[in-house]
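Take any residue in the sequence shown, note its place counting from 1, add 9, and you have its number in the numbering used here.
Everything on this sheet refers to the single structure shown next.
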Amino acid sequence: MSQSASRNPWFMLIMVYITQYIGISFLFTGGIVIFRTLGVPLEQLSLVFWVMLPIALRLIFSLFVDKVSTFLQGHYRGWLLIAQMMMTTLLVVISFIDPLHRFYWMLGLFFVYAIFTGIQDVSVDGLVCKIFPTQKRQQANALQYAGSFIGNAVGGGVVLMFYQTLGWQGSLLFLASLTMISVCQITFYREPAEAVTPLSKEWVSLSLWAEFKSFIKRHVKWLLFLLVAAFGISFFGCALKSLASGLRMVARRDWFNDESVWLSYRCLIGLISYPLNALFRQW
């Protein structure tokens, strides 16, 4: 089984990509609606979006993962296995926490979960770049998008549809069981010792901090473009999620008394960041 998984890692990769943001999708899509239904105040609900901070900083994780090896077999496999195991464990732990009365504890654990999600993200990308030649990386990239869409649909849609039956604990344990499938697959996988496309000696000789500074200098304009786009997407997502909770108040005829409806319109102001992207494209 180990040799088969090593020769054909595509099924392992699709499961890794599906479970990559499945917990984050549940928190940001279904969780917002669930928390409002439970009566979580808006000032606490606004803290949920800070959970994305570690994922936004995964550039730092990528430099660390590339330079530091674990005690497990395979450079990227080791980091991937650790991240996937921690994601599974944290989902199980969070399932036993009352989201209403232990909201900050739940949010703190999801913050740690986001850290390992970022590590998992850069680890699997590094593994793909190591085991596949350039022409096959496009297929892996397409697989990543497909897996992300499926994971978002499961974490943010399917689980929410059956939330009345599963409940908080059942929903998170279901997500943990899906993530555990990837843990089993990674366990039997063996990462090759040599990369298909060897890294340049100049890059390997750079220290972690030197590589970080070099990367920022080389891609500063592109990073600014991505930063503006990320703000626009985040504000747009904030608007949709707040509007979803606000529509629930409309059904109860509390439309004018609920601040989430007005928050939706204020969040739409974030869409003005999209036209700014055109300025960066000229660079």
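Every residue, glycine too, gets a C-beta built ideally from N, C-alpha and C.
These numbers come from a predicted model, not from an experiment.
The criterion of a C-beta distance shorter than 7 Å is not satisfied by F35 and I128. Using a Cβ-Cβ distance cut-off of 8 Å, the region 115-133 and the region 89-96 are in contact, since at least three pairs of beta carbons, one from each stretch, lie closer than that value. The beta carbons of Q53 and F112 sit about 6 Å from each other, so the pair counts as a contact at 8 Å. Counted as a single uninterrupted DSSP element, the alpha helix (DSSP H) harbouring T126 occupies residues 112-140. When DSSP states are grouped into helix, strand and coil, I106 belongs to the coil group.
In this structure the region 189-202 does not touch the region 52-68; the number of beta carbon pairs closer than 8 Å is below three. Under the 10 Å beta carbon count, M170 is surrounded by fewer than 16 other beta carbons and is classified as exposed. Short of 8 Å from the beta carbon of T174, and not among the five residues preceding or following it, lies no beta carbon of its own chain. When secondary structure is reduced to three states using DSSP, R199 falls in the coil class, being assigned neither helix nor strand. In this structure, DSSP gives Q82 a state outside helix and strand, which the three-state scheme calls coil.
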